[in-house]
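Undergrad: Take this structure, written in structure tokens, and hold onto it; I'll ask about it next.
Protein chains: 4
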Amino acid sequence: MWLLTSCDLAFDITVPTPFVLMLRPRSGAYQWVAREEYRLAPSVPVFEFTDVYGNLCQRLVAPPGPLTVHTTAKVMTADHLDQTPGAPFVEIQNLPDAVFSYLLPSRYCESDRFGEMATSITAGQLPGYDQVAAIEAWLRTTIHYEPGSSDIPLSAVEINAKQSGVCRDLSHLGIALCRSLCIPAHMVVGYLYGLEPMELHAWFEAFVGGRWYSFDATQAELRGGYVAIGYGRDAADVAIYNQFGPAVYPTIQEVRVQRIEEEDA
Amino acid sequence: MWLLTSCDLAFDITVPTPFVLMLRPRSGAYQWVAREEYRLAPSVPVFEFTDVYGNLCQRLVAPPGPLTVHTTAKVMTADHLDQTPGAPFVEIQNLPDAVFSYLLPSRYCESDRFGEMATSITAGQLPGYDQVAAIEAWLRTTIHYEPGSSDIPLSAVEINAKQSGVCRDLSHLGIALCRSLCIPAHMVVGYLYGLEPMELHAWFEAFVGGRWYSFDATQAELRGGYVAIGYGRDAADVAIYNQFGPAVYPTIQEVRVQRIEEEDA
Amino acid sequence: MWLLTSCDLAFDITVPTPFVLMLRPRSGAYQWVAREEYRLAPSVPVFEFTDVYGNLCQRLVAPPGPLTVHTTAKVMTADHLDQTPGAPFVEIQNLPDAVFSYLLPSRYCESDRFGEMATSITAGQLPGYDQVAAIEAWLRTTIHYEPGSSDIPLSAVEINAKQSGVCRDLSHLGIALCRSLCIPAHMVVGYLYGLEPMELHAWFEAFVGGRWYSFDATQAELRGGYVAIGYGRDAADVAIYNQFGPAVYPTIQEVRVQRIEEEDA
Amino acid sequence: MWLLTSCDLAFDITVPTPFVLMLRPRSGAYQWVAREEYRLAPSVPVFEFTDVYGNLCQRLVAPPGPLTVHTTAKVMTADHLDQTPGAPFVEIQNLPDAVFSYLLPSRYCESDRFGEMATSITAGQLPGYDQVAAIEAWLRTTIHYEPGSSDIPLSAVEINAKQSGVCRDLSHLGIALCRSLCIPAHMVVGYLYGLEPMELHAWFEAFVGGRWYSFDATQAELRGGYVAIGYGRDAADVAIYNQFGPAVYPTIQEVRVQRIEEEDA
């Protein structure tokens, strides 16, 4: 399906403030960006670089006064997420080198502390896709999903204690559980068509059967309409903005996702 | 200045034909892409990757029939190219590791065969920027510039024998001369506002005084209005399309560059 | 000074066990590896790759039975660590792109939770090197250093609560404090000549004044004799071995560092 | 088999001369470096970096006077090169992104000018491994192999005109022919056990059937005993030394390859 996504951010800046934004979706194996727009006011110099995960990052220093960021993208994405029950576990020795680091614990995914729990949740499952599907199902029924957003990411350990969380938090727990079973997993932030309430979204991907598959415990069932903006080990890597110096919070953060025909817009 | 660039390509495909396109300008130190559009007909799956030079490349297989590619970009670029006479030669041992490979000879820049000639052209110049400026001036007065495009790139040796060439060819000779003096140099393809006749353009950058500077022997004087699409060692790395299998030539290749106000378009 | 380092590991393997080892020091800006040896028994196929931090990693599957790993290196390293009081803080917008990720929180360095504490510890210091030196001094006097090693890394938050830890733990807290002040910091594992008791060591580097400087709160004063094996965001990235499947602990882990003359050994 | 390789170089330096050496074999999919030594006299600072092909490069500035370089390595390598007649051609659209650049022409491999010739040499062969084997056989019977070394690399076009060349030259022609058939090919420099006369060697690898295979037209038949030092697009990328400033030639260049038992040496 074709989607038109947009994200508007506004800040009131009091002292010159360095930002690193991550708001430019890239074309990749599962999505094609046919058009995009990126508007900043005031118009300041921006330097773009590619981080170690392949994400496009925009660096700038915001001068005192209002700062607004407006981005839109017209993206072709899958109508349905691929699902392959039975896709096998990939033995460590057969993992691509580049995938290996997604086995390690990270800031919000303390996978070193979830071995027993993951084994219990996935008891009786075939190693691989079915284990991840069991983790996803367990999250869906066990951890209370609170739609909307929160300012401070919580880690897998914290979410497991709290038993509820936003999309980002559920992903952290899902990722930690996968990694503790030696299944590489990483986080994705982006857009989801039909999400309610509409906000930026987070889900996770696990590497089984030789490729990455998407999982999302916040939705009753997996459908399509996902647009990825950034990939990383967890929320620490894929903040849509990192801001340095005295904390600044957005006065506006507005996200829209609209279904369109290819010819439209 | 703000520019609106566009490139239209059309092909008549007879057998399924793999393409690698390089038609997506990236934001970087010297330009900011505020909007871009990339339209393909028919709508085929496209996989995008980043090559070793940081260029975004689009892979696809064109089915038999007509193939059209339409790309536009709204880009902020400098009004004037930076010029710094006297910027010093960077000693080999102080070059950034990533720059080192631009000292080596490449397909169309046989820098291993231009040592004496480069020394003679730059006699009396301060090592560094002034040597490159002398090479650029020498190209401008010595090699006849033929505006427009050619199908087959010529190498520095060939251009030096022929004493005339298109923008790409002059760049090859300029790059070979720089490298033979141990000055890293690479090729850029992209757009130039005001180019006549309007076509895709090629120029080169040399690394002196700790950064890259642009040079362009095809223009009477350096001004601004450049939009880079791709960087590489020479034309072999920065073809806007590589096509595999039986040769296919564009039936349309149309380039436009228009000056706009920021609010426009 | 010239050092001869060695590390011996032994394991009793019961089921085929994938390992990723990181035991090959690399020559770099601050050390030169003149000789190295890497011996495995039994002799199994090993695949080596470079991770995103530039570390050389060795992948293998250990068959059931004893596994021994013996590595030695003859390395030239500095007699004294560089110290530059007053080296200035690097503004975020001037950081090299590749350094930026060392500002983010990571598994064991929850820098997002140390802002106030770091500000208080470094009150009155010039931004930059002097702040890091103040953090190092604070660690030295505040957190009790327990020589030797521990099996489970503790995070900065945990160490701050416990007020004591091994070298790795002190580094985690130092790194978290630096990052919370927007000073990039990363972890190093390796050897230290004269360490008592002799073991693998960990310290941290901070990026100020345009380069990385080493800091080590476990030593009464900074001297030389450091040999780096691996760099990373924290201990999760630089385990000298990662092992998958049922846990296996080394039956032998023996480290030696000997001072030699260049001609020796 | 286990091999003990060594390379000795000596130069008489008259002015401070920057060098980039490539003399450190790396462990990889097909070889394991169990020990290596790298000795320089005089002992100057060396900075090591990894180039875009993954080769370890050593940068230094040689002071006036004699410079000697001594490297040895103890390496486990295959007794026989893998051969898989019938391994299929990989469609362009299925090539790994990282392999794609080995389809492009390069300094000494003008693959853009060998299409007809390659088609004729490989007439009747199955696309893939068998085409490369036919190219190798054609080189063996057509181009006169001159053992030993030469100072100046020749390109595929030049070798084809001259109909004779050293190992490096034959590889250039083999690579150009493969690429002109859309088969990725790259150059390898290293050691070959039993080579007569003993010298540094060059051969090429082609990507068919989903992996790289080695080919060597200088040997009557493919056997094992190869140790790779460097990989690249052609000889321009894999010089064992690049030297800048007034030309300096080695007064000694001595290579040895000895078969040993694992326990030896």
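Protein chains in written order, with my numbering: chain A, 1 to 265; chain B, 1001 to 1265; chain C, 2001 to 2265; chain D, 3001 to 3265.
Quick reminder that beta carbons are idealized off the backbone N, C-alpha and C, glycines included.
This one's a predicted model, so the numbers in the text were calculated from it and none came from an experiment.
Using 8 Å as the Cβ pair cut-off and three pairs as the minimum, do the stretch 1113-1124 of chain B and the stretch 1172-1182 of chain B touch?
TA: yes
Undergrad: Which residues bound the alpha helix (DSSP H) around C:Asn2160?
TA: 2156-2162
Undergrad: Name the chain D residues whose beta carbon is nearer than 7 Å to that of C:Trp2032?
TA: Val3046
Undergrad: To the nearest whole angstrom, what separates the beta carbons of D:Ser3106 and D:Asp3012, a pair I think is in contact under 8 Å?
TA: Not confirmed; about 32 Å, so no contact.
Undergrad: Using the beta-carbon count (16 or more within 10 Å), is D:Ile3260 buried or exposed?
TA: exposed
Undergrad: In the structure shown, what three-state DSSP assignment does C:Glu2116 receive?
TA: In this structure, C:Glu2116 counts as helix in the three-state DSSP scheme.
Undergrad: Do you know offhand how far C:Gly2209's Cα is from C:Phe2089's?
TA: 6 Å
Undergrad: Is the distance from the Cβ of A:Leu56 to the Cβ of A:Glu48 below 8 Å?
TA: A contact, by the Cβ cut-off of 8 Å.
Undergrad: May I ask you to list the residues that DSSP assigns as paired with A:Ile13?
TA: A:Gly65
Undergrad: Counting only the same chain and skipping the five closest in sequence on each side, list residues whose C-beta sits under 6 Å from that of D:Val3020.
TA: Cys3057, Arg3059, Asn3242
Undergrad: Would you mind telling me which residues of chain B sit closer than 7 Å to D:Ser3101, beta carbon to beta carbon, in chain order?
TA: Asp1051, Val1052
Undergrad: Using the DSSP secondary-structure output, state which residues sit across from D:Tyr3226 in a beta bridge.
TA: D:Leu3192
Undergrad: Count the other CB atoms, across all protein chains shown, that sit within 10 Å of the CB of D:Asn3094; report buried if there are 16 or more and exposed otherwise.
TA: exposed
Undergrad: According to DSSP, is D:Ser3150 part of a helix, a strand, or is it coil?
TA: Reduced to three states, the DSSP call for D:Ser3150 is coil.
Undergrad: Using 8 Å as the limit for Cβ to Cβ distance, is A:Ser214 near chain B?
TA: Output row for A:Ser214: interface = no.
Undergrad: What do you get for B:Gly1165, buried or exposed, if any count of 16 or more other CB atoms within 10 angstroms of its CB means buried?
TA: buried
Undergrad: Rounded to a whole number of angstroms, what is the C-alpha to C-alpha distance between B:Val1248 and A:Gly190?
TA: 38 Å
Undergrad: If you measure between the beta carbons of C:Val2052 and A:Val52, is that distance less than 8 Å?
TA: yes
Undergrad: Determine, using beta carbons only, whether C:Ser2180 comes closer than 8 Å to chain A.
TA: Output row for C:Ser2180: interface = no.
Undergrad: Closest to B:Met1022 by CA distance: which of B:Pro1246, B:Asp1237, B:Leu1154, B:Asp1097 is it?
TA: Here the closest residue by C-alpha is B:Asp1237.
Undergrad: When you compare only the Cα positions, how much space is there between B:Thr1218 and D:Val3015?
TA: Cα to Cα, the separation comes out at about 38 Å.
Undergrad: Going by beta carbon distance, what residues of the same chain come within less than 6 Å of C:Ile2152, once the five residues before and after it are set aside?
TA: none
Undergrad: Between the beta-carbon of D:Val3069 and the beta-carbon of D:Thr3005, is there less than 8 Å?
TA: no
Undergrad: So that I know if they touch, is there some Cβ in chain C lying closer than 8 Å to that of A:Gln125?
TA: no
Undergrad: Measuring alpha carbon to alpha carbon, tell me which of C:Cys2109, C:Arg2223, C:Thr2017 ends up nearest C:Ser2297.
TA: There is simply no residue 2297 of chain C to check, as chain C begins at 2001 and stops at 2265 in what is shown.
Undergrad: With distances taken from CA atoms, which of D:Gly3224, D:Leu3139, D:Ser3180 is nearest D:Asp3169?
TA: Relative to the Cα of D:Asp3169, the nearest Cα in the group D:Gly3224, D:Leu3139, D:Ser3180 belongs to D:Leu3139.
Undergrad: Can you name the start and end residues of the beta strand (DSSP E) that D:Ile3143 belongs to?
TA: Here D:Ile3143 belongs to no beta strand (DSSP E), and DSSP marks it neither H nor E.
Undergrad: Can you tell which of D:Gly3245, D:Glu3262, D:Thr3251, D:Gly3230 has its C-alpha closest to the C-alpha of D:Val3061?
TA: Comparing Cα positions, the closest option is D:Gly3245.
Undergrad: Can the beta-carbon of D:Val3188 be found closer than 8 Å to that of D:Tyr3231?
TA: Yes, these two residues count as a Cβ contact at 8 Å.
Undergrad: Locate the beta strand (DSSP E) running through B:His1201, then write down its first and last residues.
TA: Unbroken beta strand (DSSP E) run through B:His1201: 1201-1208.
Undergrad: At the 8 Å Cβ level, is D:Glu3262 part of the contact set with chain C, yes or no?
TA: Closer than 8 Å to some Cβ of chain C, the Cβ of D:Glu3262 qualifies, so yes.
Undergrad: Using only the alpha-carbon positions, how far apart do C:Ala2228 and C:Leu2192 sit?
TA: 9 Å
Undergrad: Report yes or no: is there a C-beta of chain D within less than 8 Å of the C-beta of B:Glu1253?
TA: Reading off the sequence, residue 1253 of chain B comes out as Gln, not Glu. No, no contact with chain D.
Undergrad: Would you call the CB atoms of D:Tyr3213 and D:Ala3202 closer than 8 Å?
TA: no
Undergrad: Look up B:Asn1242 in the DSSP assignment and give the residues it is bridged to.
TA: B:Val1020
Undergrad: If the cut is a Cβ gap below 7 Å, which residues of chain B does D:Gln3131 touch?
TA: Residues of chain B passing the Cβ test: none, with the nearest at roughly 15 Å.
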